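Chains as they are written, first to last, in this note's numbering: chain A, 1 to 52; chain B, 53 to 256; chain C, 257 to 474; chain D, 475 to 723.
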Amino acid sequence: MMPDLGKYAGAVLSSYAVALGLIVVLVALSIWRARRVKAALDLVEKRNKRHG
Amino acid sequence: MVLRVSNLEISRGGRAVLEGVSFALAPGAALILRGPNGVGKTTLLRTVAGLQEAEAGEITGAGESMAYAGHSDGLKSMLTVAENLQFWAAVFGRSEIEAALAAFDLRELAGRLAGSLSAGQKRRLGLARLMVTGRAIWVLDEPTVSLDAASVGLFAAAVRGHLAQGGSALMATHIDLGLEEAAVLDLSAFRARPRAAQGDEAFL
Amino acid sequence: MMALLARDLKLAVRAGGGFGLGLAFFLIVTVLVPFGVGPETALLTRIAPGVLWIGALLACLLSLDRILALDWEDGTLDLLATAPLPMEGIVSVKALAHWITTGLPLVLAAPVLGVLLNLAPGGYLWVLVSLAVGTPALSVIGTFGAALTIGLKRGGLLLSLLVLPLYVPTLIFGAEVARRGAEGLEVATPLLLLGGISFGAMALLPFASAAVLRINLR
Amino acid sequence: MGRYVRFMSLWEYANPVKFIRTTDVVLPWVSVLAVLCLVVGLIWGFFFTPEDYRQGSTVKIIYLHVPAALMAINAWMMMLVASLIWIIRRHHVSALAARAAAPVGAVMTLIALATGALWGQPMWGTWWAWDPRLTSFLILFLFYLGYMALWSAIEDDDTAADLTSILCLVGSVFAVLSRYAVNFWNQGLHQGASLSLDKEENVADVFYFPLLVCIAGFVLLFIALVFLRTQTEIRARRTRALIAREQQG
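Have a look at this one:
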């Protein structure tokens, strides 16, 4: 299954690890902040509706 | 030159503070703005001075014939009193500073560094700056801060002299200058009704 | 405008710091480099033009926040904005005053410091010329950065972060002129490019600086 | 004629509410497509392409390096356009989209730099060479950092939008200047553009098709992230606006 990467295996694998890792962190942070901000907004909006 | 403000709406920090402000200031006239702290006196004066844009309304007649004095005097402590005045005179394309020194009783201090002056003396120098600009419309924000009674008298006399020469003055101040001819405008009446700040409107 | 320039120069002389601090910093950087890379003269000769450029650039950077901050704090900028001077003119004069008080002394000191770094004999002229052509760009770009960060609490660090990337082209062409000059190579191409950047920055950046300053004053 | 009356102008999406409503519908599709393209492209590239006769298995890094490098530049271009729209038409969504794109662009630049260094080590025998392309990307990264730092340093939202837009404009000019300066300064080891129309220099077809899929994946990922992050910026701004209104009474 795993292709034989030869003597460059380290370089190739770490490239994939670094790049995918950075992308995952970026996506996770974006989603996490999106959720948090949305929750905060919902709270404020609900409060605004209740008070008129 | 008549300074005319019509239906002005202004905001501070993106939030409307005053609306529907209208007045006219003819040569020889003075107008004193009053109102509690935060009503928007400084903002109004800065808008008239062109430092800030109005949200709505029109200001005509200010621009090239207006001299502004705000909370800070724009003095350089490493320059002498005379040099500070000479600089501002030169910026406005003039050179005469004697009359201003005399009017604010600064003659004896002319050679002193501005940094060595007391707060009141600095303020007097800041106000003397108005005279060297040669501009007709004075826009003054709390001009009498840190002045003693005698200095307030000097200032009132300078304003009166300015009006007599066909100038005009728009100022925000709480103390009584003894300028009987000055009209008073209470800004409390123009308070903006609560509403979203200009930049926020799109998000509500 | 002339009055503003004269006042800024007078203030720089009276306050002392203007000329002295930048020059002292330049001297110290130049002196520290041999401690860092070793005293071998051949190596120093080779890196001298670049070190002089970096030193001048850092010395220039050090004084950028003073270009506008002092006038901002004491309200002078507000008053100048209501005076009959165009904002573009004000920022240009401010940059010019900064160049005369900081850039010019650095230009003149560079050949002297070149002696410490064993600069090649042919290099003195071109170090001088490249700095003379390039430092005005540093002042103008720095004024833009100073206008952007005026009134910010942690402005100093941010100013460096914003300005240093903008300095890259000037540094590259300037140091290239100095290096080629020192090695006796042709310098016309990088010198023309450096001049282009310098004049372009002087002609166009004041508009951006003035726009930024108007936004920050309101 | 009547048909055109209902034609919706592109500018209507500049309304924050409309933007959120539209992107809420589009975002899941873009995200799914992005993941699909990335998975297909990367698996295709990693497992089912041959080794290059010169570069060996390191050629597989191309599927990350080239798309990331492209997006690093395109993100800045997008920010430049968005900044111009804010300066000229003052649409809030545009300014916030520029803000939202900056961290994505910075991460793309970082990926391009990191994969470039990892690729350079076996090929050129060094992690880092002051090659014009690598250097330009490093400078671009500094521009991203400065831009983001300025956004977060200014408290007033509209002032921050104004100042960062002008910085983006000036920065773009200097970024281009830097690119030429760096080229002049060092001719470099880097091969030419991998996707240039010049057939001789082009990568072979076996590498080309999975690379295209990966590029599509990165573009879609960028769009999805910018949509999501712009939504977040809009919501954050709306929260602040509502709280400010409450306090005003």
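Where is the CB? At the ideal position from N, CA and C, for every residue including glycine.
Every value quoted in this text rests on a predicted model; they were computed, and no experiment measured them.
CB contact below 7 angstroms: residue i versus chain D
i	result
C/Leu415	no
C/Val433	no
A/Arg35	no
A/Gly21	no
C/Leu317	no
C/Pro421	yes
B/Ala234	no
B/Pro246	yes
B/Leu256	yes
A/Lys49	no
Within-7 angstroms CB hit, residue i to chain B
i	result
D/Ala571	no
D/Ala715	yes
D/Gln705	no
C/Asp264	no
D/Trp711	Position check: residue 711 of chain D holds Arg in this sequence, whereas Trp was assumed. For D/Arg711, the answer is yes, since a Cβ of chain B falls inside 7 angstroms of its Cβ.
C/Gly331	yes
C/Asp321	no
C/Leu261	no
Cβ-Cβ distance between residue i and residue j below 7 angstroms
i	j	result
C/Gly437	C/Gly379	yes
B/Ser124	C/Asp327	no
D/Leu614	D/Thr583	yes
C/Leu267	B/Lys128	yes
B/Phe139	C/Arg263	yes
C/Leu318	C/Val383	no
D/Gly645	D/Gly515	no
C/Phe400	C/Ala466	no
B/Arg56	B/Ala76	yes
B/Leu229	B/Ala208	yes
D/Gln722	D/Thr497	no
D/Leu641	D/Leu624	yes
A/Ser14	D/Leu592	yes
A/Ala19	D/Leu686	no
B/Ala106	B/Leu60	yes
Within-7 angstroms CB hit, residue i to chain C
i	result
B/Gln104	yes
B/Met53	no
B/Met223	no
D/Ala560	Per the sequence shown, residue 560 of chain D should be read as Trp rather than Ala. Output row for D/Trp560: interface = no.
B/Met130	yes
B/Ser124	yes
B/Ala171	no
Three-state class that DSSP yields for residue i in the structure shown
i	result
B/Glu110	strand
D/Val604	This sequence places Trp at residue 604 of chain D; Val is not what is there. D/Trp604 falls in the coil class under three-state DSSP.
D/Glu674	Reliability of the predicted coordinates at D/Glu674 is poor, the pLDDT of 42 falling under 50, and the value obtained from them is presented with this limitation in mind. D/Glu674 falls in the coil class under three-state DSSP.
B/Thr132	strand
C/Asp321	coil
C/Met258	helix
B/Asp252	coil
B/Leu103	coil
B/Phe75	strand
B/Met223	strand
C/Asn472	helix
A/Ser30	helix
B/Ser147	coil
D/Ile535	helix
B/Leu60	strand
B/Ala234	coil
Residue from the options with nearest C-alpha to residue i
i	options	result
B/Ala241	B/Val91, B/Pro79, B/Ala68, B/Met53	B/Val91
D/Ile697	D/Ala603, D/Ile517, D/Ala574	D/Ala574
C/Ala403	C/Arg270, C/Met343, C/Ala339, C/Arg302	C/Met343
D/Ala655	C/Leu417, C/Thr445, C/Glu439	C/Thr445
D/Asp630	C/Met258, C/Asn472, C/Gly390, C/Gly456	C/Asn472
C/Gly387	C/Leu260, C/Ser465, C/Leu469, C/Ile310	The sequence given here has Leu at residue 387 of chain C, not Gly. Closest by alpha carbon: C/Ile310.
C/Pro377	C/Gly430, C/Glu439, C/Ile406	C/Glu439
B/Ser117	B/Lys93, B/Asp252, B/Leu222	B/Leu222
C/Leu460	C/Gly345, C/Ala366, C/Leu427	C/Gly345
B/Tyr120	B/Ala81, B/Ser147, B/Ser220, B/Ala244	B/Ser220
B/Arg64	B/Pro246, B/Leu256, B/Ala254, B/Phe255	B/Pro246
Proximity test, Cβ basis, 7 angstroms: residue i and chain A
i	result
D/Ser531	yes
D/Ser670	The predicted model places D/Ser670 with a pLDDT of 45, which falls under 50 and marks its position as unreliable, so this point remains unresolved.
Practice item. Could you pull out every unbroken alpha helix (DSSP H) segment of at least 4 residues lying fully inside the region 381–443 of chain C, listed in chain order? Key: Listed in chain order, they are 411–438.
Review point. Hey, which unbroken runs of the beta strand (DSSP E) at 3 residues or more fall wholly within the region 169–203 of chain B?
Key: DSSP runs (the beta strand (DSSP E)) wholly in the region 169–203 of chain B: 189–193.
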